[in-house]
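Residue numbers (the numbering used here): 324 to 500.
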């Protein structure tokens, strides 16, 4: 019930300028603690010069925890590898940072890729289907983007783009030019 209420409640972002590496590392540490028996190798590839990102750290940590949890669960029981990349990125909406989670699990069948972000859709026997819906909602609230790539049998790759400028700042600077 709490997870449903969290999903249904409008988000009130408390943005602060943050080092995205620290937020991702906290999320990875929390999942590693939760899955201490898992045989998962986490490989980090973080760009050296990353801009500060105006985010709600708590909500973004939840995004990265959910993505890491899904990766760990997808690789059960045999384990595997999770590669997390963070790099500066450019989109039509402006510049930002892209965080990529790439696992070596079984992948996502093509017919399920559009459904995985829908509330209550799950392929897990004990899941409630809110994890990726919450991820999508939080990324949308940050005016970012989320996309998934997957080849069956070759893992899944989630790309989270977060803009460096908050939407109101981007609009103000665009109109000032």
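Think of the CB as a built atom: it goes at the ideal place given N, C-alpha and C, for glycine as much as any other residue.
Assignment of residue 423 by DSSP, reduced to helix, strand and coil, places it in the strand class. DSSP places residue 395 in the helix class (H, G or I) of the three-state scheme. The Cβ atoms of residue 480 and residue 414 lie no closer than 7 Å to each other. Taking the C-beta atoms as reference points, residue 384 is found nearer than 7 Å to residue 350.
Under the three-pair Cβ rule at 8 Å, the region 387 to 401 does not count as touching the region 366 to 378. Inter-residue distance for residue 395 and residue 403 is about 8 Å (C-alpha atoms, whole angstroms). In terms of CA proximity to residue 475, 429 leads the group 429, 389, 434 and 376. Proximity to residue 472 across 423, 486 and 485 peaks at 423, based on C-alpha coordinates. Spanning the alpha carbons of residue 408 and residue 482 requires a straight line of approximately 9 Å.
Closest option to residue 417, judged by alpha-carbon separation, among 347, 455 and 468: 468. The DSSP assignment places complete alpha helix (DSSP H) segments of no fewer than 4 residues inside the region 362 to 413 at 380 to 397, in order along the chain. Membership of residue 347 in the alpha helix (DSSP H) is indicated by the continuous run 343 to 357.
Distance from the Cα of residue 357 is smallest, within the candidate group 462, 392 and 435, for 392. For residue 475, there is no enclosing beta strand (DSSP E), as DSSP gives it neither H nor E.
Using a Cβ distance threshold of 7 Å, residue 419 and residue 412 count as a contacting pair. The beta carbon of residue 484 lies closer than 7 Å to those of 412, 414, 419, 421, 467 and 468 in the same chain, with the five residues before and after it left out. Spanning the alpha carbons of residue 470 and residue 390 requires a straight line of approximately 12 Å.
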